[in-house]
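**Student:** Final position of the sequence shown in the numbering used here is 1060; the numbers increase by one with none missing. Every residue gets a Cβ at the ideal spot worked out from N, C-alpha and C, and that includes glycine. Okay, here's the structure, questions in a sec.
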Amino acid sequence: MGPWTVLTVAGELDVVGGPDLRQYIMTATQAGSSHLVLDLTGVDFIDSFGLGVLVGALKRTRLAGGDVRLVIPEPRIRRVLEVCDLDRVFHIVETVGSATGDAPPGENP
952 MGPWTVLTVA GELDVVGGPD LRQYIMTATQ AGSSHLVLDL TGVDFIDSFG LGVLVGALKR
1012 TRLAGGDVRL VIPEPRIRRV LEVCDLDRVF HIVETVGSAT GDAPPGENP
C-alpha cells in the first residue's frame, strides 16, 4: 500500500463546496495518489451532493487499487454517513493519525 495523501476539508460539503473537493481529489489521483485521507474535521454541513463527491472519490481510488479513509470526529457529521449506510463502505476514524496508521500508542487505527 502506498503512502496516504491527506486532503483537509472545511466548511460546507454541498453543491457549493463539493465541486472544489472533487477537483482536488481528481488532481491528487491524476498525480498518482490512490490512497486518500479526507480530513472532514472542519466540515460543519454535508448534504447528498457532498456524499456523492465522497462516493465518487472512493470509486476513483479503488479503480486505481487504492482507498479512501475519512476523518470525522464530529458525531453529527458521522451520523449523516451512518443514516445512509456509508459507514459500512468507508473506513471512518477520528484522527488523521488513525487514518494513516501513524496513531500514537493506545489509539486504534
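#1: Are residue 1008 and residue 994 closer than 8 Å when you measure CB to CB?
#2: What are the uninterrupted segments assigned as alpha helix (DSSP H) that are 4 or more residues long and contained completely in the stretch 953–987, given in chain order?
#3: Excluding sequence positions up to five away, which residues of its chain have a Cβ less than 8 Å from the Cβ of residue 1029?
#4: Quick one: is residue 1060 buried, meaning 16 or more other Cβ sit within 10 Å of its Cβ, or exposed?
#5: Between residue 986 and chain C, is any beta-carbon pair separated by less than 8 Å?
#6: Here's the rule: buried if 16 or more other CB atoms are within 10 angstroms of the residue's CB, otherwise exposed. What is residue 961?
**Tutor:** On the basis of the supplied data:
#1: Numbered from 1 along the sequence shown, position 57 holds the residue referred to as residue 1008. Numbered from 1 along the sequence shown, position 43 holds the residue referred to as residue 994. No, Cβ-Cβ distance for residue 1008 and residue 994 is not below 8 Å.
#2: 969–981
#3: Counted from its first residue, the sequence shown places residue 1029 at position 78. Around residue 1029: 1023, 1038 and 1043.
#4: Mapped onto the sequence shown, residue 1060 falls at position 109. Any answer about residue 1060 is weak, because its pLDDT of 42 lies below 50 and its placement is not dependable; what the coordinates show is given next. When all chains shown are included, residue 1060 counts as exposed.
#5: The structure shown has no chain C; it contains just one protein chain.
#6: Your numbering for residue 961 matches position 10 in the sequence shown. Counting Cβ neighbours within 10 Å, residue 961 comes out exposed, since fewer than 16 surround it.
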